[in-house]
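Engineer: Residue numbers (my numbering), protein chains in the order written: chain A, 1 to 343; chain B, 1001 to 1343. Every residue gets a Cβ at the ideal spot worked out from N, C-alpha and C, and that includes glycine. Quick one: structure below, then a few questions.
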């Protein structure tokens, strides 16, 4: 297969000029474009579609793939937009544009990614919502496409990732509740195969075992990542014969519904059931009693993602000599009044 | 200038095949690609860069340009993500992908748009944050790029738009406050030249005049669209020698800061200063006293934008025979307890 390098050698032109001519850029004169097209035809040039748009300067665009859908972003999103802001702060130094690839929850993320790569308009990708086994990782790695994952996975292609500290969340939450006298502690988990669910549950089990406690299956509450999911978990807890006295939530929006679900059943969060929430989101700031939860610097997280991605991109890695970043992002506990002692 | 049509005629191939060959799509056999490239060279083909990626099927991507920045989306965004969800619901019927083009507030939106168009990866565009005079509109119209604006503008290129009912917001808010006995009513406005600010202020003035009242310049409070902006407006109000007894806010996030700003000065929203907010956002739902504000079906708004855009796109307009949509999107009043009678 004759590539762009061979065409450039044949014409004694730079690869960049040939690339611009083949890609129809306006900054190539007509005579050069004519020569390039003729030579490309005569030599049997075949573009490497997947690689074509994935080199420095060829698009100047980096895609951030996130999952959407009325279950996930129906009430907006306060997490990713803050991360994007940090990513952009870094990219703006390099004239790179961030575009957000909205993968609907109705669609298979693998299909979506393949289509995106075929469309070839991004130099590099940031993927999120990583699954336990995530074939997107192998797909991108095999094609040599620079990418970073927000979230770990069992699928390891020697790729960079940054993940939130779900172990720390589980350990800090459980330790704190046990210290206050709780023994029957529930945890939430995503309803799907998001890797964070596995990490969080494993860590919660380990933390409980450290105190001689167990996590019975009925105290693992699965829910969609929204207010209604939180409400349903509260109703499940309320209906239990032997209720937990405390819960640690792994999604920020569920806390809001959980509060409402308890109140609708005449229970008071913090007093009747201790609640430790996930992130101190803009909505969570308005909960009463104030939610004990975790603060994450999302802007800095976005900057970290961007820098770690640039460290993998041929045109930038000498300026970001970070190697393959694999980093657990810290979260700091914000003590509220939602996790009192057991009644 | 020889275009793609001439190359296709010369080879007796379809325009689609020639386009795919020139664009390096993998679904063209090598012999065909060779013939196309040779003919393109021999005939002096010059791609129409701006138009190239803006026909049906050529990219399958529609871009939604929104403004970001720590001032705007630093705490997330609950408006646009809900709109995107509606846009995607329509696009998914047609295998179109929505990508979000994040234009940082540090960047000139006109420059950003020109770069995006040059990158040519979208078939059509949705623009937002329309300004009073918005050169993006003429730019896109001149190039025949299908687009729709979320927001009106004085710049009229015969293009489609959908805008929120800022007149209705002003009129309903003012009428309601006047009926409760308020005579000295402040309004908020964006700090920049967003068109919505002009529409809202004009409408507020007209509504006040209808009651024999005026809007003195000191009661037009300008602020960035965030919590801190709302807080600063409250401090301004508190510091006035002759305070307004009521305010109508034109941004959803400012209500939260406005409440805080009043309370920090020992004033109670609803009792000391009546407040009518903009949208019933997820955060606003947690305000106490409950905020009198407006409900907007953002999912439906997204669907409306998508359908109106498809009505302008060559491959879709027969399925969406809507003509040039120019539509004021309704908002319905949600009565809370934040707009009592004057003290």
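To the nearest angstrom, how far is it from the Cα of residue 99/A to the Cα of residue 292/A?
Structural biologist: Mapped onto the first chain, residue 99/A falls at position 99. Mapped onto the first chain, residue 292/A falls at position 292. When rounded, the distance between both Cα atoms is 34 angstroms.
Engineer: May I ask you to report which of helix, strand or coil DSSP gives residue 317/A?
Structural biologist: Position 317 of the first chain, counting from 1, holds the residue named residue 317/A. It is coil, neither helix nor strand.
Engineer: Could you tell me the alpha carbon to alpha carbon distance between residue 144/A and residue 18/A, rounded to whole angstroms?
Structural biologist: Mapped onto the first chain, residue 144/A falls at position 144. Mapped onto the first chain, residue 18/A falls at position 18. If you take the alpha carbons of residue 144/A and residue 18/A, they lie about 22 angstroms apart.
Engineer: Report the neighbours of residue 282/A on chain B: residues whose CB is nearer than 9 angstroms to its CB, in chain order.
Structural biologist: In the first chain, counting from the first residue as 1, residue 282/A sits at position 282. Near residue 282/A (Cβ distances below 9 angstroms), the residues of chain B are 1075, 1076, 1078, 1227, 1253, 1256, 1282 and 1283.
Engineer: Under a Cβ-count criterion, where at least 16 other Cβ atoms within 10 Å of its own Cβ denotes burial, should residue 288/A be classed as buried or exposed?
Structural biologist: Taking the first residue of the first chain as position 1, residue 288/A is located at position 288. Label assigned to residue 288/A: exposed.
Engineer: Quick check: the stretch 61–72 of chain A against the stretch 1061–1073 of chain B, are there 3 or more CB pairs under 8 angstroms?
Structural biologist: Touching, no, given that fewer than three Cβ pairs across the two stretches are closer than 8 angstroms.
Engineer: The ligand HEM heavy atoms versus the CB of residue 127/A: any closer than 7 angstroms?
Structural biologist: This structure lacks the ligand HEM; in fact it carries no ligand of any kind.
Engineer: Taking the beta carbon of residue 1007/B as the centre, do at least 16 other beta carbons fall within 10 Å, making it buried, or is it exposed?
Structural biologist: To locate residue 1007/B, count along the second chain from 1; it is residue 7. By the 10 Å Cβ count, residue 1007/B comes out buried.
Engineer: For residue 1233/B, which residues in chain A fall below 7 angstroms Cβ to Cβ?
Structural biologist: Your numbering for residue 1233/B matches position 233 in the second chain. Neighbours of residue 1233/B on chain A: none; closest Cβ ~19 angstroms, over 7 angstroms.
Engineer: By how many angstroms is the C-alpha of residue 1010/B removed from the C-alpha of residue 30/A?
Structural biologist: Position 30 of the first chain holds residue 30/A. Position 10 of the second chain holds residue 1010/B. Near 19 angstroms, if we compare the C-alpha coordinates of residue 1010/B and residue 30/A.
Engineer: Please check if any C-beta of chain A sits within less than 8 angstroms of the C-beta of residue 1313/B.
Structural biologist: Walking along the second chain from the start, residue 1313/B turns up at place 313. Closer than 8 angstroms: no.
Engineer: Can you name the residues of chain B whose CB is closer than 9 angstroms to the CB of residue 335/A?
Structural biologist: Indexing the first chain from 1 puts residue 335/A at position 335. What residue 335/A touches in chain B: nothing, since even the nearest Cβ is about 20 angstroms away.
Engineer: Less than 8 angstroms between the C-beta atoms of residue 41/A and residue 1044/B, yes or no?
Structural biologist: Translated into the one-based positions of the first chain, residue 41/A becomes position 41. Translated into the one-based positions of the second chain, residue 1044/B becomes position 44. No; because the gap between Cβ atoms is not below 8 angstroms, this pair is not in contact.
Engineer: Using the beta-carbon of each residue, which ones in chain B are nearer than 7 angstroms to residue 331/A?
Structural biologist: Residue mapping note: residue 331/A aligns to position 331 of the first chain, counting from 1. Per Cβ cutoff of 7 angstroms: no residues; residue 331/A is ~17 angstroms from chain B at best.
Engineer: Going by the beta-carbon positions, is the gap between residue 333/A and residue 116/A smaller than 8 angstroms?
Structural biologist: What you label residue 333/A is simply residue 333 of the first chain in a count that begins at 1. What you label residue 116/A is simply residue 116 of the first chain in a count that begins at 1. No, these two residues do not count as a Cβ contact at 8 angstroms.
Engineer: Give a yes or no on whether 8 angstroms exceeds the smallest Cβ distance from residue 1342/B to chain A.
Structural biologist: Residue numbering aside, residue 1342/B sits at position 342 when the second chain is read from its first letter. Chain A, which has no Cβ nearer than 8 angstroms to the Cβ of residue 1342/B, makes this no.
Engineer: Can you tell which of 243/A, 125/A and 234/A has the C-alpha that lies nearest to the C-alpha of residue 216/A?
Structural biologist: Working through the first chain from its first residue, we reach residue 216/A at position 216. Among 243/A, 125/A and 234/A, the Cα nearest to that of residue 216/A belongs to 243/A.
Engineer: Could you check whether the Cβ of residue 1127/B sits closer than 8 angstroms to any Cβ belonging to chain A?
Structural biologist: Within the second chain, numbered from 1, the residue matching residue 1127/B stands at position 127. Cβ-Cβ to chain A under 8 angstroms: no for residue 1127/B.
Engineer: Looking only at C-alpha atoms, which of 142/A, 303/A, 340/A and 330/A sits nearest to residue 81/A?
Structural biologist: The sequence position of residue 81/A within the first chain is 81, counting from 1. Of the candidates 142/A, 303/A, 340/A and 330/A, the one whose C-alpha sits nearest the C-alpha of residue 81/A is 303/A.
Engineer: How far does the beta strand (DSSP E) with residue 1063/B in it extend, from its first residue to its last?
Structural biologist: Walking along the second chain from the start, residue 1063/B turns up at place 63. Unbroken beta strand (DSSP E) run through residue 1063/B: 1061–1068.
Engineer: Give me the residue from 339/A, 114/A and 12/A with the minimum Cα distance to residue 182/A.
Structural biologist: Here residue 182/A is taken as the residue at index 182 of the first chain, counted from 1. Comparing Cα-Cα distances from residue 182/A to each of 339/A, 114/A and 12/A, the minimum goes to 339/A.
Engineer: Might you give, ordered along the chain, the residues of its own chain that have their beta carbon closer than 6 angstroms to the beta carbon of residue 1180/B, omitting 5 neighbours on each side?
Structural biologist: Residue mapping note: residue 1180/B aligns to position 180 of the second chain, counting from 1. So the qualifying residues of the chain are 1341.
Engineer: Could you tell me which residues DSSP pairs with residue 1098/B in its beta bridges?
Structural biologist: Here residue 1098/B is taken as the residue at index 98 of the second chain, counted from 1. Partner(s): 1062/B.
Engineer: To be precise: take each residue of the stretch 1093–1106 of chain B, compare its Cβ to all Cβ atoms of chain A, and keep it if any distance is under 8 angstroms. Which residues remain?
Structural biologist: Listed in sequence order: 1097, 1098, 1099, 1100, 1101, 1102, 1104 and 1106.
Engineer: Under 8 angstroms between the Cβ atoms of residue 1301/B and residue 1061/B?
Structural biologist: The residue given as residue 1301/B occupies position 301 in the second chain. The residue given as residue 1061/B occupies position 61 in the second chain. It is not a contact, given that the beta carbons lie outside the stated cut-off.
Engineer: So for residue 1244/B, helix, strand or coil by DSSP?
Structural biologist: Here residue 1244/B is taken as the residue at index 244 of the second chain, counted from 1. DSSP places residue 1244/B in coil when its eight states are reduced to three.
Engineer: To test your reading of the DSSP string, which unbroken beta strand (DSSP E) runs of 3 or more residues are found completely within the stretch 1258–1341 of chain B?
Structural biologist: Counting only runs of 3 or more, we get 1274–1279, 1292–1295, 1326–1329 and 1332–1334.
Engineer: Does residue 1238/B have its Cβ less than 8 angstroms from a Cβ in chain A?
Structural biologist: In the second chain, residue 1238/B corresponds to position 238, counting from 1. False, the Cβ-Cβ gap to chain A never drops below 8 angstroms.
Engineer: Measuring straight from C-alpha to C-alpha, what distance separates residue 152/A and residue 1027/B?
Structural biologist: As a first step, residue 152/A is located in the first chain; it is residue number 152 there, counting from the start. As a first step, residue 1027/B is located in the second chain; it is residue number 27 there, counting from the start. The straight-line gap from Cα to Cα measures roughly 35 angstroms.
Engineer: Taking the alpha helix (DSSP H) that residue 109/A belongs to, which residues open and close that run?
Structural biologist: Position 109 of the first chain, counted from the first residue, corresponds to residue 109/A. Counting along the chain, the alpha helix (DSSP H) containing residue 109/A begins and ends at 109–119.
Engineer: Does residue 1156/B pass the burial test, meaning 16 or more other C-beta atoms within 10 Å, or should it be called exposed?
Structural biologist: As a working note, residue 1156/B is residue 156 in the second chain. With fewer than 16 other Cβ atoms within 10 Å, it is exposed.
Engineer: Compute the Euclidean distance between the alpha carbons of residue 236/A and residue 200/A, then round it to the nearest angstrom.
Structural biologist: The residue given as residue 236/A occupies position 236 in the first chain. The residue given as residue 200/A occupies position 200 in the first chain. Between residue 236/A and residue 200/A, the C-alpha separation is close to 20 angstroms.
Engineer: Do residue 254/A and residue 233/A have their C-beta atoms closer together than 8 angstroms?
Structural biologist: Against the first chain, residue 254/A aligns to sequence position 254. Against the first chain, residue 233/A aligns to sequence position 233. In this structure, residue 233/A lies closer than 8 angstroms to residue 254/A by Cβ.
Engineer: Would you say the stretch 1192–1206 of chain B touches the stretch 1121–1140 of chain B, given that touching needs at least three Cβ pairs under 8 angstroms?
Structural biologist: Segments in contact, yes.
Engineer: Within 8 angstroms, do at least three Cβ pairs link the stretch 1249–1267 of chain B to the stretch 310–324 of chain A?
Structural biologist: Not touching, per the Cβ criterion.
Engineer: Using only alpha-carbon positions, find the residue among 273/A, 204/A and 154/A that is nearest to residue 135/A.
Structural biologist: Counting from 1 along the first chain, the entry for residue 135/A is found at position 135. Among 273/A, 204/A and 154/A, the Cα nearest to that of residue 135/A belongs to 154/A.
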